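Protein chains in written order, with my numbering: chain A, 6 to 119; chain B, 447 to 1332. All C-beta atoms in this analysis are idealised placements derived from N, C-alpha and C, irrespective of residue type, glycine included. Because the structure is a prediction, the values reported are computed rather than measured. Have a look at the structure below, then the notes.
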Amino acid sequence: MANNPNHRDLFPGALEVMILQSLRLKPMHGYALVKHIKQVSDDLLPVEEGSLYPALQRMLKEGWLEAETGTSAKGRPTRIYRLTDAGIRHLEKEVVSVEKMFAGITRVLAVAKI
Amino acid sequence: MQWFAKFFSRRRRYEDISISIQEHIDERTEELMADGISRKQAEQTARREFGNVSLVEESSREVWQWPAFDSILADLKFAFRRLRKSPGFAATVLLTLAIGIGANTVVFSVVNGVLLKPLPYPDSERLVSLWLNAPGAGGLANFSNGLQLSTSMYLTFSEHNRTFQSMGIWVPSNASVTGVGEPEQVPSGVISDGVLQTLDVPPAVGRWFTQADQDPHGAKTVMLSYGYWQRRFGGDRNAIGRVIQVDAQSREIVGVMPRGFRLVDREFDLLVPLALDRANQKLAGFGFSGIARLKPGIQVAQADADIARLIPVWMDSWSNGPGTNPHFYERWRISPGFRSLKQQVIGSIGGVLWVVMATVGVVMLIVCTNVANLLLVRAESRHQELSIRAALGASRMRIARELLIESVSLGLLGGVIAIGVAVAGLRLLIAFGPTDLPRLCEISLDARALGFTLALSVLSGLLFGSISALRYARTKASATMGSTTRTASTGRARQRSRNALVTAQVSMALVLLVSAVLMIRTFAALRNVEPGFADPQHVQTMNIWIPDLLISDPQTATHVQNNIVDQLAAIPGVTSVGFAGAVPMENVDPNWDGIHVEGKTYEGGEPPLRLFNFVSPAYFNAMGTRLVAGRDFTWSDLYDLRPRVIVSENFARESWGSASAAIGKRLRQFDSSPWQDVVGVVEDVRVHGVDEQAPAIVYWPAMHNDPYTPKPTIDAPRFVTFAIHSDRAGTESFLKQVQQAVWSVNASLPLASVNTMQEIYSQSLARTSFMLVHAGDCRHHGARPKPDWHLRSHVVRGFATHSRNRNPPRARGTEGRAALDVRSLRAYVDWSWRRHRPRSGSRAHATHKISALRHQPARSPDVPRCAGHPGHRSCACKLSAGSSRR
Chain A
6 MANNPNHRDL FPGALEVMIL QSLRLKPMHG YALVKHIKQV SDDLLPVEEG SLYPALQRML
66 KEGWLEAETG TSAKGRPTRI YRLTDAGIRH LEKEVVSVEK MFAGITRVLA VAKI
Chain B
447 MQWFAKFFSR RRRYEDISIS IQEHIDERTE ELMADGISRK QAEQTARREF GNVSLVEESS
507 REVWQWPAFD SILADLKFAF RRLRKSPGFA ATVLLTLAIG IGANTVVFSV VNGVLLKPLP
567 YPDSERLVSL WLNAPGAGGL ANFSNGLQLS TSMYLTFSEH NRTFQSMGIW VPSNASVTGV
627 GEPEQVPSGV ISDGVLQTLD VPPAVGRWFT QADQDPHGAK TVMLSYGYWQ RRFGGDRNAI
687 GRVIQVDAQS REIVGVMPRG FRLVDREFDL LVPLALDRAN QKLAGFGFSG IARLKPGIQV
747 AQADADIARL IPVWMDSWSN GPGTNPHFYE RWRISPGFRS LKQQVIGSIG GVLWVVMATV
807 GVVMLIVCTN VANLLLVRAE SRHQELSIRA ALGASRMRIA RELLIESVSL GLLGGVIAIG
867 VAVAGLRLLI AFGPTDLPRL CEISLDARAL GFTLALSVLS GLLFGSISAL RYARTKASAT
927 MGSTTRTAST GRARQRSRNA LVTAQVSMAL VLLVSAVLMI RTFAALRNVE PGFADPQHVQ
987 TMNIWIPDLL ISDPQTATHV QNNIVDQLAA IPGVTSVGFA GAVPMENVDP NWDGIHVEGK
1047 TYEGGEPPLR LFNFVSPAYF NAMGTRLVAG RDFTWSDLYD LRPRVIVSEN FARESWGSAS
1107 AAIGKRLRQF DSSPWQDVVG VVEDVRVHGV DEQAPAIVYW PAMHNDPYTP KPTIDAPRFV
1167 TFAIHSDRAG TESFLKQVQQ AVWSVNASLP LASVNTMQEI YSQSLARTSF MLVHAGDCRH
1227 HGARPKPDWH LRSHVVRGFA THSRNRNPPR ARGTEGRAAL DVRSLRAYVD WSWRRHRPRS
1287 GSRAHATHKI SALRHQPARS PDVPRCAGHP GHRSCACKLS AGSSRR
């Protein structure tokens, strides 16, 4: 929860997109998800546990994810989150909109530099 | 359902969250330990990195919650726990609320049942009461019924109208039933074709009357009410087709109306077809209530216009006999003023009910301020708790919400108990309520009333809760904490709000108290009024009617009545017995007519109208009415037809200066009538209730010469009320003996309206007090204008009897007046008016009108009159037909 001055806030929905995209690769449990995102983003993106778990619950409620009983790499009982078809559809839609947004931001920044 | 499932899967979700988070921390710990950190330190680091576990769990769980609902639930639990801990407080508040809300629910149920609910007939908004305005008709059109319809009007209107689906006329009545068990007198309704079609309620068993049943020469039939069917036939379907004797006429039962069916606003046991004989109908006889069902989409104004067009047609189509002017009624300026049937049924009671509703509303406000005060005191004891919560960050809204939840749940709990209070209250009201309240039997605790209770509970909860909520949510945490540390005295601000509450409460209570005291004072004053009779709890009264078909000779009828008196007097404990045309406060006026006092001249040549009664010897004695001067009648006065009368004290004073001066003086009814000697003077009797001045009364011997017939004809009242003075009055054994005594004389005579005088007196007082609320006038009980409950009766009675006459008009001696024989059917209508009192109308008002009308035929000697019979409690009928001859 501690505020890290090196990390800036994500835009709304960014965490969801990252979770969905990560789970598209394979079903994971909470800790693995955090580690995966940190690894893939080279530690550039902050994933706070304080936001991760509520976000997972929201997505479960939306029906984008499913939780099933499973074990972690170390053999401890945990819940494995798996993407549903609705989740995939949502992800695809979100990716398009995120890409558009990035393209837009990039253009604006490019003009500003000149 | 989905919501329900979610609610129960929550537990599993919460578990999932905990497990996931636990595993997360464990895995991180192990990872750190793998880097060579001690377990303890690794655990600490892992937890620090994760953040507040409980908070994360909480916010994860919240996804599955309806947070407001859950926290309200928690507040509720808390409120109930606190209530359980202070049962004294809870009981006080709940009881106060239960009584307040209960009283409001009762009154609302009455308002709802009487004023708001539609009448219990299909499409009842299309039902209209056929009300005619007739400003030129004097007393015949009053403000409770307008001008009622005559049979000929009904025939013209129903045959030629374009706006009504159906139309009918009816008149309440009574019938004497023999042939099923003991003889019995029951309320009935005489209905024309179209009444059942208009009300449109199908029979429970059997069929409606058909056209054939309305044929005067056809088969004689009758329909039963559900209650009578159950009572007399045990609900046996084979009752259909059975023949019963109704007023000595054999009638076949053809149908039974369903439970709860009422003829507009009246209970009845039997329905009898009116069976109009077209050939005998005249213009006059305005004694029937008309009801009709509008065609769909037709407005009342269109119906008015339609019937207005038919009034000239009516005058062209009928007459009052040869030599009469059918267009006489143009002077009456008759015009339709139809109104919804509901409006007619409710009458003037709406105002009373809203006043009562407002009064209990004020009581509810007092209840609320009272409870608010208790809550304020209670909130003070929680002061510290609330302050600490505020200090810890609870918002004002949060604290206010908790206080409001507590008060609203108090309100709701009170409301639940109030429903019990209301059920009991309504039972009491229906059992003892004023019998004149229309639609009394339709009052019940229905969904709307329960909705009202719910709304009232919540609103009152919010009202009395908001005072402490505002008070405590507003104060700053520090201030409240500071002011309660150890000092016992309360802050000035808190005292101010309590003072304001107490002031409001006391002032509202004062308003109610003052009105209550004024009412009680009036009521006490009424109780202290000398009614003109004594020892009412020991006077037994009952009605006995001797039908013409049973005993046609009036002398024999009087002998039968005399025998009954003798038999009753022989019952142990009976001190005296007599009978009269009517006893006080029963709202029956046997007759009104002008009386000439010998040696007096009257303005306009016409003496004022006096109330008549027809009495037997010893009647005054039995009633405890003091004889002020002279003597009572004797049986030989009756049998020898001696011209004797007794007058009331006020009449004696007005006419001769004093009671004793009246003895031996003479009076008469018409110029042609023989002079009557005044043999006695009795004290004044407030026959119309203690709030009305005692009228001047002339008492005639029960058997006398009929002044309305051309030749001297003996007449005797056939419908009389017996008064028996006995210490055993009202007891069951006594009533059994009374019944035996009557049946030992004639076993076909039913007893009706068996009451002690005290019961009649109390009812009259109750009705008076009920009306006082309406009038809002608590100053005196003198000449206050008051809707009249009595006079309509004899106006209508006259007409109804007239309309049912069987003989053609006869010439009346030298005066050339025609008298109609109304004898046979008079009691038909009579009795019903005793039972079913008309609700309003002004006696004083109507008397004037009648006298005004009466003058007309009297001034023109060639005017035939349709005479009411003095003994027949009818006089108004002679007016309309008579006037029409001018």
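Contacts of residue i in chain B (Cβ-Cβ under 9 Å)
| i | result |
| --- | --- |
| His-34(A) | Ser-466, Glu-469, His-470, Glu-473 |
| Gly-55(A) | Phe-496, Gly-497, Asn-498, Leu-501, Val-502, Ser-505 |
Residue i beta carbon near the ligand SAM (any heavy atom closer than 7 Å)
| i | result |
| --- | --- |
| Glu-571(B) | What this structure holds is no ligand at all, so the ligand SAM is not there to describe. |
Interface residues of chain A facing residue i [CB-CB closer than 7 Å]
| i | result |
| --- | --- |
| Val-509(B) | Pro-59, Gln-62, Arg-63, Lys-66 |
| Phe-515(B) | Under the 7 Å cutoff, chain A gives no residues; its nearest Cβ is about 16 Å from Phe-515(B). |
Supposed contact pair residue j and residue i - C-beta distance, whole angstroms, cut 8 Å
| i | j | result |
| --- | --- | --- |
| Ala-1171(B) | His-1005(B) | The residue you asked about is not Ala; residue 1171(B) is His in the sequence shown. About 23 Å separates the two Cβ atoms, so there is no contact after all. |
| Leu-716(B) | Ser-622(B) | 10 Å between Cβ atoms; not a contact. |
| Met-965(B) | Val-553(B) | With 8 Å as the limit, Met-965(B) and Val-553(B) do not qualify as a contact, their Cβ atoms being about 16 Å apart. |
| Glu-1129(B) | Glu-1095(B) | 5 Å |
| Val-193(A) | Val-101(A) | In the structure as shown, chain A begins at 6 and stops at 119. Residue 193(A) is therefore absent and cannot be evaluated. |
| Glu-54(A) | Phe-496(B) | 5 Å |
| Gln-660(B) | Pro-618(B) | Not quite, the Cβ-Cβ distance comes to about 18 Å (not below 8 Å), so this is no contact. |
| Gly-1040(B) | Pro-1053(B) | 4 Å |
| Arg-739(B) | Leu-601(B) | Not really, about 18 Å apart at Cβ, beyond 8 Å. |
| His-829(B) | Tyr-36(A) | No, His-829(B) and Tyr-36(A) are not in contact; Cβ-Cβ is about 48 Å, not under 8 Å. |
Amino acids of chain A, ordered along the chain, whose beta-carbon sits closer than 9 Å to that of residue i
| i | result |
| --- | --- |
| Ile-845(B) | Simply none; closest approach about 27 Å. |
| Ile-889(B) | Within chain A, no residue comes near Ile-889(B); the closest Cβ sits about 51 Å away, beyond 9 Å. |
Contact set between residue i and chain A, taken where Cβ atoms lie within less than 8 Å
| i | result |
| --- | --- |
| Ile-463(B) | Tyr-58, Gln-62 |
Chain E within 8 Å of residue i, Cβ atoms only
| i | result |
| --- | --- |
| Ser-612(B) | The displayed structure is made up of protein chains A and B, and chain E is not among them. |
To test your reading of the DSSP string, which unbroken beta strand (DSSP E) runs of 3 or more residues are found completely within the region 699-777 of chain B? Contiguous beta strand (DSSP E) elements confined to the region 699-777 of chain B occur at 716-719, 735-740, taking only those with 3 or more residues.
Interface residues of the region 70-85 of chain A facing chain B [CB-CB below 7 Å]: Ala-72, Ser-77, Lys-79, Arg-81, Pro-82, Thr-83, Arg-84
In chain order, what residues of the region 471-499 of chain B put their CB closer than 7 Å to some CB of chain A? Within the region 471-499 of chain B, the qualifying residues are Asp-472, Glu-473, Arg-474, Glu-476, Phe-496, Gly-497, Asn-498.
Under 8 Å, with one C-beta from each stretch per pair, do the region 943-950 of chain B and the region 1019-1036 of chain B reach the 3-pair mark? no
When the Cβ atoms of the region 903-917 of chain B are set against those of the region 844-855 of chain B, are three or more pairs found closer than 8 Å? yes
Does the contact criterion of 3 or more C-beta pairs under 8 Å hold for the region 785-793 of chain B versus the region 570-577 of chain B? yes
Using 8 Å as the Cβ pair cut-off and three pairs as the minimum, do the region 858-873 of chain B and the region 544-554 of chain B touch? yes
Counting only runs that start and end within the region 468-537 of chain B, where is the alpha helix (DSSP H) found for 4 or more residues in a row? 485-496, 499-508, 513-531
Which ranges would you report for the alpha helix (DSSP H) in the region 11-58 of chain A if only whole runs of at least 4 residues count? 19-30, 35-45
Run through the region 989-1076 of chain B for me and flag every whole beta strand (DSSP E) of 3 or more residues, listed as ranges in chain order. Those beta strand (DSSP E) runs which fall completely within the region 989-1076 of chain B and span 3+ residues are 1020-1026, 1037-1040, 1055-1061, 1073-1076.
Tell me whether the region 971-990 of chain B and the region 1190-1198 of chain B touch, counting them as touching only if at least three CB pairs, one residue from each stretch, are closer than 8 Å. yes
Does the pairing of the region 1142-1161 of chain B with the region 1113-1131 of chain B give three or more beta-carbon distances under 8 Å? Contact holds: three or more Cβ-Cβ distances are below 8 Å.
Complete alpha helix (DSSP H) runs within the region 1122-1160 of chain B (minimum length 4 residues, chain order): none
Between the region 735-752 of chain B and the region 683-698 of chain B, are three or more C-beta pairs nearer than 8 Å? no
Run through the region 779-813 of chain B for me and flag every whole alpha helix (DSSP H) of 4 or more residues, listed as ranges in chain order. 787-792
Counting beta carbon pairs with one atom in the region 1182-1196 of chain B and one in the region 1058-1067 of chain B, are three or more of them shorter than 8 Å? no
Every unbroken alpha helix (DSSP H) inside the region 659-701 of chain B [4 residues or more]: The qualifying runs are 672-679.
Count Cβ pairs between the region 27-46 of chain A and the region 82-89 of chain A that sit closer than 8 Å; are there 3 or more? yes
Touch test, the region 636-648 of chain B against the region 1200-1213 of chain B, Cβ-Cβ under 8 Å, three pairs minimum: no
Is it the case that the region 454-474 of chain B contacts the region 484-501 of chain B, given that we only count it when at least three CB pairs across the two stretches are under 8 Å? yes
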